[in-house]
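For reference, the structure is listed below as structure tokens.
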Amino acid sequence: MSNNKQIPEVDIVVDEKAGVIREIKPEQKLRSKSGHEKRVNVGIYTILTLMAIIWLAPFVFLVFQSFRSYLTENGGMVNYLLPKTWSLDNYIWLFTDEKSLFLRWYLNTLIIALFNAVLQTVIVLSVAYALSRLRFKGRKLIMNAVLVLGLFPGFLTMITLYFLLKQLGLTQNGAIPGLILIYCASSGMGYYISKGFFDTIPKSLDESARIDGATRFQVFMKIIMPLAKPIVIYTILMAFMAPWGDFVFASYVAFGTTTNYNVAVGLYQWVNVADYQGFFTRFCAGGVLVAVPITALFLALQKYYVEGVTGGAVKG
Amino acid sequence: MTDLDYLKMSKWARLAHSFVGFFASIPSKCRDGFKKLGLWFVRLFRSIADNLVDLVDTFVKGDWKTRLSYLVMGFGSFARGQWGRGLLFFLFQTVFNLYMVNFGVAYLGKLNTLGTLETYREGRRTIYGDNSFFILLYGVLTLFFVLAFIYTWRANIRQNKVSQQILDSGKKLKSTKDDLKSLADEQFHKTLLALPTLGVLVFTVLPIIFMILVAFTNFDATHQPPSKLFTWVGWDNFRQLLSSDSASYGDTFKQVLFWTLLWAFFATFLNYFLGMMVAIMINKKGIKLKKMWRTILVMTIAIPQFVSLLYVSKMFAQDGLINTYLMKWGWIASPIPFWTDAGWARFTIILINLWIGIPYLMLIATGILMNIPADLYESARIDGANAFQMYRKITLPYMLFVTGPYLLTSFTGNINNFNVIFLLTGGKPLSLELSGNAGYTDLLITWLYKMTVNDTNYKLAAVMGILVFVVTAVINLLVYNLIPSVKNEEDFQ
Amino acid sequence: MKKLVALLLAAMLLMSCAAFASAEGGFSGEVKIWVAENTVEFTQQAVEDFKAANPQYAGMTVKVEPVGEGDAASKMITDVEGGADIFGFAQDQLARLVAAGALLEVEEMNAIQVSLENDAGAVGAVTMGETMYAYPMTSDNGYFLYYDKEIVKDPSTLEAVLADCEAAGKSFYMEINSGWYQTAFFFGAGCTLTYDSDDSGALVKCNTDYASENGVKALKAMINVAKSPAFVNGSSVSNATNAAAVVSGTWDAGAAQELFGENYAACKLPTVDGFQLGGFGGFKMLGVKPQTDDAKIEACDALASYLTSGDVQLARFNAVGWGPSNLTAQQNEAVQANVALAALADQLQYCMPQGQYPGEYWSLATGLGDDILADKYDELDDAALLEVLNTFQTTAISYVN
């Protein structure tokens, strides 16, 4: 309490900055503000540090497991954390073993993700732009129909989609174009977030351009698109990330032709099919190799993601 | 009740009031609905009648070009120099005719039985009979096609009428070049929407209609085309899933539905409030390394769930890392039954879901919190409000108002949150008290998945899909009626 | 230039002749095979040998893919046309495959050969009603005890095994929430649960007496085992983090050897509460799917028959350790000397050959097992346990209609 005298001064300075001068009552003085603030901050730091540990732990553990050799130690599950000897055997197996199709799966997924990123972005932005900026007969109908269709669970139609693709020859050896087709075909229904973004661009921009004689196509390409960079990047990011995690439908479409698996299907079977004994550490290594580039990409483009989800959440 | 009474009520009482009001209004809403439906039918018949009259009228008044267009689509457009439109019409008719003759008619004819010709063996060779699956699928596709044809044919006639009128009034028709130009301008929406709509029609609408129809057939593992036929059975499947006699899944369905809703509730609101808290903590003045905290948390969004959740699920196993270390440190005497006990399993799932869900909410809340005018807080602080009061009076109402629609989509999303449940428990534990391969942590959606993939019981999966639709639709309707701010898309613009 | 064209034409003529010749006696299209991952390489080699021995099939392209046995059956049922022509599966899948029309009956001459050359249990396992639907490939799909002989001194009673494990801070693994492992207790205590089937794959009758004194005895034994702190529910050796004893089958032999090292041992299942644990003696088999082309059927018949013949079964044992169902191969010295197979053979005297079960049975049994693991029955008396088994039995019977 020896520094009690100084507190009023500090408080008054702060209040002056806010443009208000207030009398400070003795009771308030007792609750030493900076002390209180400090305690709160220490509490917050503690919570955040704890959370950071909990949030990072599984990933760190995963990385640890991936360095436990399946050859010299144990490729299955163990009840200790740190490998007894650190080794790259799992990674070496993934890349060099002649039985390993990991690189193939990785490439498959990359191809799907790249095509998906381009095509899906074009489709989503087209739909969003049309529904946001253009007014035409049937606009409301389309939006309501999408709302209703969206309430049906996706897995319901899996078997139908499989046979539709099969009719087009896009299963098994055609699995990769098949998956791209399916991912893109219905992607127009995910226009909400982009539409929300377009809605925020002032209409006057279009109107003045139209008066200057620009067609709607030119308005779209020359006026709106340059402004839409954040949402374009957001859409590309989402479309690129999604195919990496599909272990259900991708498995259906590849239908037992291992060379056409995506990386999720391939890795998933290592932990879920009894034939793969001792593949757990290799699964971890594969998982790390999938997670690292995607996480890096995501973190690099985090800003756009935040703009996307925030906009989407607010505008519904 | 007067408006004054309503205003006097507390917030919760108001909510309760509108809740009760919603259910009380169901009968009158239904009545209105039927009335609307009736009116809609009246309007439909009237418009059909109008169209028919117009068709006759156009034919009578039309010149020979128009009249020939009744048979050969696009002829009138061709003859009047609009070769682009004419070609499209003509091509569509040709494709349609070929399809119907070679394909469509045969499938339509079998739609009522879904095939009668059984597969049989000739020596050791298998001769496949009718394939019920394709009969149903192509039957529906053909119906789509027929509707599209009628619509296009009608458009073709109207085209002739309009062209004739334009020519009669001495103006010029649009050339093909004009048509093409307008696709980048007045008709730009058609250019933008044509492909996406086609994609959704073929790969979303068609499969959904197909599966809705499957709910009324006996398509399951023992009626599996091409070896076996399946056929229509009416409402039998709904009865099997919903009624509670011993051979049915009614009790299990109730249990699964209950957990689905409970899960969606916790997954949505716990994540929401805790995520908001975390956002507030990180964004508090004086907290350093904001970007680092955020980055650490959002890693769970970036890493594919089949990697992270599968690994976490193993961590919580009976002999997994968590139990082993807790026992090693002497914190527990025997392993915690994370996945074997129904209650624990549900709790653990909700807990782990926080790990996935908090970061999303943290990001969203961060964006929104920054938009709250700072002077609101300033004046509250001057009035002597403490942190909690400020949260309750300013932050929460603002967040709730702005994120209302998000909460709704998030709730529906959680009802269909397949990954978390499937990768963590796969629906386990099962029990003698449940049937149909469903477990205590199964959601409707994971149960649907098991029926489709493990049991190839498509008929029940289809019923389940319809029920999921009904559940989410009811919740959406309820919320739309209770919280008006969700309703209007233009409000948010 | 002209010469080149002439040469090309001649070459094409030759090739078409060759194609014609091979179409005459054999088959030159593509045949797809699905087998478990660890036998892919072996199967590829065996197919090469087959082609070398049968020149009429030399032009045939054979694609061998690793598809897990449970997965293979589900996929075959989902889309027979897209599935493999020849595929391996474990016995529990046979009934559903036949019911879904995904299996072609074994050709008559081959069927006679199969029933002469394989053990009686295997022949029964591939037969539904009077019809043989698949080729038996192994006779080792049963389970027994792998253990660490340094820790488990006396593997003859489960009580002793558990006590040894507990003393060493290690665990005993058995997957009691699986309908397959669970029968060790019920059959061991003297109960039965079998289904009669007709030729079309339909199950027509259920024979069971689970709801009996013996059933209660078995259930109580399971409850007591589950109560032990040393017990862990599980059967995969490589996923067991703290094992001193695991109930599993021959496919885990390699993993168990690696895990226990010097102390690797295997033996028949122990006794519990004074009765010997029993169980299923199961089989793995190869099936051929229905085809529309006679030449392909002939090729598939010949290939499947070859891949399950005595010599190939023996070779498969040597390559991956799968125990043969072929009688001659079973007499081979190496087979007789195998630790895991010896333990299995020892155990099989207490087992019954696994018959056909409806798919629902497996989830029903998992339900019972999960209830035990969740400690739901810990406090129940005999009458209440009998009531539980009554529910189980009625439900099991209700799957037949």
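Residue numbers (our numbering), protein chains in the order written: chain V, 1 to 316; chain L, 1 to 493; chain H, 1 to 401. Every residue gets a Cβ at the ideal spot worked out from N, C-alpha and C, and that includes glycine.
| Check | Outcome |
| --- | --- |
| Keeping to the same chain, check which residues put their C-beta closer than 6 Å to that of A175(V); ignore five residues upstream and five downstream. | V253, A254 and N260 |
| Which residues, in order along the segment 216 to 227 of chain H, keep a beta-carbon less than 8 Å from a beta-carbon of chain L? | none |
| Got a sec? Which residues, its chain only, sit under 7 Å from F42(H) by beta carbon, not counting five neighbours each side? | R316, A319 and V320 |
| Tell me whether S66(V) sits in a helix, a strand or coil according to DSSP, three-state version. | helix |
| Quick check: what's the CA-CA separation for F188(L) versus V263(V)? | 39 Å |
| Please list, in chain order, the residues of the segment 152 to 168 of chain V that have any C-beta partner in chain B closer than 8 Å. | The chain inventory of the structure shown lacks chain B, comprising the protein chains V, L and H. |
| Can you tell me whether DSSP reads F316(L) as helix, strand or coil? | coil |
| Which of the residues in the segment 114 to 129 of chain H, read from start to end, lie with their CB under 9 Å from any CB of chain L? | none |
| Of all the CB atoms in chain V, is at least one closer than 8 Å to the CB of G508(L)? | It is not possible to answer for residue 508(L), since the shown part of chain L is limited to 1 through 493. |
| Output, in chain order, the set of chain H residues within a Cβ distance shorter than 7 Å of Q224(L). | I77, A100 and G101 |
| Which complete alpha helix (DSSP H) runs does the segment 120 to 198 of chain H hold, if anything under 4 residues is left out? | 120 to 125, 158 to 168 and 179 to 188 |
| For G109(L) and V140(L), what's the separation of their Cα atoms in angstroms? | 12 Å |
| Could you pull the DSSP bridge partners for V272(H) from this structure? | F275(H) |
| Quick one, which residues of the segment 367 to 379 of chain H are near chain L if we go by CB-CB under 9 Å, in chain order? | G367, L368, G369, D370, D371, L373, A374, D375 and K376 |
| Using only CA atoms, which one of Y173(H), E213(H), P155(H) and W180(H) lies nearest to M237(H)? | According to the sequence displayed, residue 237(H) carries Val and not Met. Residue Y173(H) is the option with its Cα nearest to V237(H). |
| Is I135(L) near L117(L), with beta carbons less than 8 Å apart? | no |
| Cα-Cα, which of A52(V), Q172(V), T72(V) and V60(V) is closest to E258(H)? | T72(V) |
| Work out the CA separation of L48(V) and R22(V) for me, nearest whole Å. | Because R22(V) sits at a pLDDT of 46, beneath the cut-off of 50, its placement in the model cannot be relied upon, and the following sentence gives the value as read from the coordinates. Using only the alpha carbons, I get a separation of about 35 Å. |
| Taking a Cβ distance cut-off of 7 Å, strictly less, list which residues of the segment 213 to 240 of chain V are near chain L, in chain order. | T215, R216 and F217 |
| So R392(L) is in the beta strand (DSSP E); what residue range does that whole segment cover? | Element bounds for R392(L): n/a, residue is neither H nor E. |
| Flag this pair as yes or no: are the beta carbons of A181(H) and S235(H) separated by less than 8 Å? | According to the sequence provided, residue 181(H) is Tyr. The question's Ala does not apply to it. Yes. Within cutoff. |
| Need the endpoints of the alpha helix (DSSP H) that I127(L) sits in, please. | I127(L) -> not in any alpha helix (DSSP H); beta strand (DSSP E) instead, spanning R125 to I127. |
| Do A113(V) and F240(V) have their C-beta atoms within less than 8 Å of each other? | yes |
| With a cut-off of 8 Å, does the C-beta of A247(L) fall near any C-beta of chain H? | yes |
| Quick check on the burial criterion: 16 or more other C-beta atoms within 10 angstroms. Buried or exposed for G169(V)? | exposed |
| Measuring only between beta-carbons, confirm whether K177(L) sits less than 8 Å from chain V. | no |
| Between which two residues does the alpha helix (DSSP H) harbouring G38(L) extend? | I26 to K61 |
| For the segment 83 to 127 of chain L, list the alpha helix (DSSP H) runs that are entirely contained and at least 4 residues long, ordered along the chain. | 83 to 99 and 105 to 110 |
| Near I322(L), what residues of its chain come up, given a Cβ to Cβ distance below 7 Å and the 5 sequence neighbours on each side ignored? | M315 and F316 |
| Could you tell me whether the segment 409 to 423 of chain L touches the segment 220 to 235 of chain L, where touching means 3 or more Cβ pairs closer than 8 Å? | no |
| Assuming the contact rule is C-beta atoms closer than 8 Å, L164(V) and I208(L) should be a hit. Round their C-beta distance to whole Å, please. | Wrong, their Cβ atoms sit about 12 Å apart, outside the cutoff. |
| Helix, strand or coil: which one does DSSP assign to N437(L)? | coil |
| Could you tell me the alpha carbon to alpha carbon distance between A342(L) and V420(L), rounded to whole angstroms? | 16 Å |
| Measuring alpha carbon to alpha carbon, tell me which of D375(H), G279(H), E159(H) and I372(H) ends up nearest G249(H). | G279(H) |
| So, using beta-carbon positions, are P358(V) and V468(L) closer together than 8 Å? | With chain V covering 1 to 316 only, the question about residue 358(V) has no answer from this structure. |
| What alpha helix (DSSP H) runs, 4 residues minimum, are completely inside the segment 340 to 378 of chain H? | 359 to 373 |
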